[in-house]
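These notes concern the structure reproduced below.
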Amino acid sequence: MVIRLNKPNDSRLNCAFLMLFAVPLQNVLNAVSAFLHINIDENGLILTFMIWLYGIIITILNPIKKKNFLWLGLIYLTYILLYLFSYPLAKHYFLSFGMWIIYIYYIPLSVFLIARIDAWDNLFTEKKYLLLSDGIILISLFTKIFLNDQTEYMDYSYALLPIWGIVVVAAIYFNNNFQKIMLPIIFIQALVYGCRGALVSIVLVIIIIYLKLNFFGNCNRKTFLLKIFKACIVIGVVILGSKIAIDYFLQLDLAETSYILRRINMGLISESDARDVITQMCLDEIKRMGLNINGLFFDRLFLPSGMYSHNFILEILLSLGWIIGGLFIVWIIWNIIIQYIRQCEKNKVILICFTGTLFIRYFISGSIFSEGKFILFMAIVFSFKNVKSGLVVKP
Numbered sequence: 001m002v003i004r005l006n007k008p009n010d011s012r013l014n015c016a017f018l019m020l021f022a023v024p025l026q027n028v029l030n031a032v033s034a035f036l037h038i039n040i041d042e043n044g045l046i047l048t049f050m051i052w053l054y055g056i057i058i059t060i061l062n063p064i065k066k067k068n069f070l071w072l073g074l075i076y077l078t079y080i081l082l083y084l085f086s087y088p089l090a091k092h093y094f095l096s097f098g099m100w101i102i103y104i105y106y107i108p109l110s111v112f113l114i115a116r117i118d119a120w121d122n123l124f125t126e127k128k129y130l131l132l133s134d135g136i137i138l139i140s141l142f143t144k145i146f147l148n149d150q151t152e153y154m155d156y157s158y159a160l161l162p163i164w165g166i167v168v169v170a171a172i173y174f175n176n177n178f179q180k181i182m183l184p185i186i187f188i189q190a191l192v193y194g195c196r197g198a199l200v201s202i203v204l205v206i207i208i209i210y211l212k213l214n215f216f217g218n219c220n221r222k223t224f225l226l227k228i229f230k231a232c233i234v235i236g237v238v239i240l241g242s243k244i245a246i247d248y249f250l251q252l253d254l255a256e257t258s259y260i261l262r263r264i265n266m267g268l269i270s271e272s273d274a275r276d277v278i279t280q281m282c283l284d285e286i287k288r289m290g291l292n293i294n295g296l297f298f299d300r301l302f303l304p305s306g307m308y309s310h311n312f313i314l315e316i317l318l319s320l321g322w323i324i325g326g327l328f329i330v331w332i333i334w335n336i337i338i339q340y341i342r343q344c345e346k347n348k349v350i351l352i353c354f355t356g357t358l359f360i361r362y363f364i365s366g367s368i369f370s371e372g373k374f375i376l377f378m379a380i381v382f383s384f385k386n387v388k389s390g391l392v393v394k395p
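FYI, the numbering for the sequence shown is 1 to 395, going by this note's numbering.
Structural data, given as structure tokens:
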């Protein structure tokens, strides 16, 4: 059951999916290339160029609004001003390869295509998206088990996280039975080969969507108590199943190669000394900076080895100061909340998925200023201004 979409929206949705799909696909291609001893360093660049070209063609073939050019110009002007006012030692970060990908690929496609999507339903219901999502999840698992995929555990799991989210919403909200089979596979994949942040993010998405569907709707006392009883059973089964699975995997050689299992084995699953030190250093610097505006990438200048703050609130305050930074943080959170409030239940679930898989991670990892997925996420949030709640009908 899907909403009939117009052709431009179908094409924009294709581009959005490809932008999410390309990163895990790149990891798979790199793993296969390494296994076959084929040196293809440009896998990611080729994929990016192909999606960019597809996006540009879609943009040209469909009407373009003047406000899109205004937004594009405003974003580029902001980056230019930030470059001019940043510390000299931080300026080279603006000219890195990753930032050029943001300027040329993420920003224009997000402004002209992603922010103009007016219905997201098909991303979670159409067979082509679900089959590709299932395929990349299973192939990524295959490359880890059989091809000795050397993709770093954080890159591996955060690349798959949005794809996991698509499967989760299809299974839980749209009640796709085959996608329900994929849920334990996703859990095992996240537990054995992922990082804690990705595992926590996808579990949070599942819990929040489940609670939203079962406890925040209108129901009588009898129905509510029945839902509580069912929830207790589900939670009990999940906890017991997780314990059995973890105990089993701890007995295997995987316990030595899996980051999460290794920390569970050492009793350090919730500890992170390095992050604690980084956070304290950032807090100390924030206390000293007064009302200064340091410019983007300032955290790289005082943290050891060019590291970043691993928290978007700290990163924003360090870069933009208390006033502008504080307003920017409020602007981000406000836009997410206001779009959530304005949506019907279905769109709320979809927005929860995107927030959990593309944004929540920035509380504990990643950098919003040097990763294109943050631009992509904000474009998705703005797209909900256009989202049509219309009736769900059979195609």
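In this text, a Cβ means the ideal position worked out from N, Cα and C, and glycines have one as well. What you are looking at is a predicted structure, and each value in this text was computed from that prediction instead of being measured.
Three-state class that DSSP yields for residue 63 in the structure shown: coil
Rounded to a whole number of angstroms, what is the C-alpha to C-alpha distance between residue 131 and residue 32? 20 angstroms
Can you tell me the Cβ-Cβ gap for residue 290 and residue 86, rounded? I've got them flagged as a contact below 8 angstroms. Not a contact, Cβ separation roughly 18 angstroms.
Secondary structure of residue 92, DSSP reduced to three states: helix
With a Cβ-Cβ cutoff of 9 angstroms, do residue 138 and residue 55 count as a contact? no
Just mark residue 274 as buried or exposed, buried being the case when its beta carbon has 16 or more other beta carbons within 10 Å. exposed
Can you give me the C-alpha to C-alpha distance between residue 106 and residue 374, rounded to a whole angstrom? 9 angstroms
If you draw a straight line from the C-alpha of residue 15 to the C-alpha of residue 193, how long is it? 28 angstroms
Could you tell me the alpha carbon to alpha carbon distance between residue 49 and residue 188, rounded to whole angstroms? 33 angstroms
Restricting to Cα atoms, I'd like to know which of 368, 164, 150 is closest to residue 314. 368
For the pair the stretch 147-163 and the stretch 19-37, tell me if three or more CB-CB distances fall below 8 angstroms. yes
Between the CA atoms of residue 23 and residue 159 - distance to the nearest angstrom: 6 angstroms
Going by the CB atoms, is the gap between residue 71 and residue 28 shorter than 9 angstroms? no
Determine the direct distance from the alpha carbon of residue 284 to that of residue 13, and round the result to whole angstroms. 44 angstroms
Which residue marks the beginning of the alpha helix (DSSP H) containing residue 298, and which one marks its end? First-last for residue 298: undefined, no H or E at that position.
By Cβ distance, which residues of its chain are closer than 6 angstroms to residue 312, with the 5 residues on each side in sequence left out? 362, 368
Would you call the CB atoms of residue 140 and residue 129 closer than 9 angstroms? no
Please list the terminal residues of the continuous alpha helix (DSSP H) segment that includes residue 15. 7-35
Span of the alpha helix (DSSP H) holding residue 338? 312-342
Take residue 122 as the anchor and find which of 164, 306, 11 has the nearest alpha-carbon. 11
Report all residues from its chain with a CB closer than 7 angstroms to the CB of residue 9; omit the five preceding and five following residues, and keep chain order. 117, 118, 119
Pick out whichever of 99, 102, 170 has its Cα sitting closest to the Cα of residue 126. 170
Does the beta-carbon distance from residue 102 to residue 306 come in below 9 angstroms? no
Start and end residues, alpha helix (DSSP H) containing residue 353: 345-358
Report the rounded CA-to-CA distance for residue 185 versus residue 324, giving the unit in angstroms. 43 angstroms
What would DSSP say about residue 385, mapped onto helix, strand or coil? coil
From this set, 347, 359, 26, which residue's C-alpha is nearest residue 42's C-alpha? 26
Beta-carbon separation of residue 278 and residue 318 under 9 angstroms? no
For residue 164, the first and last residue of its enclosing alpha helix (DSSP H): 153-172
Hey, how far is the Cα of residue 94 from the Cα of residue 380? 24 angstroms
Under the rule that 16 or more other beta-carbon atoms within 10 Å means buried, what is residue 100, buried or exposed? exposed
Between residue 360 and residue 204, is the Cβ-Cβ spacing less than 9 angstroms? yes
Distance CB(residue 321)-CB(residue 293) smaller than 9 angstroms: yes
So, is residue 199 buried or exposed, given that buried needs 16 or more other C-beta atoms within 10 angstroms? buried
Buried or exposed by the 16-neighbour rule on C-beta atoms within 10 Å, applied to residue 80: exposed
Between residue 210 and residue 172, how many whole angstroms is the CB-CB distance? I'm expecting something under 8 angstroms. 6 angstroms
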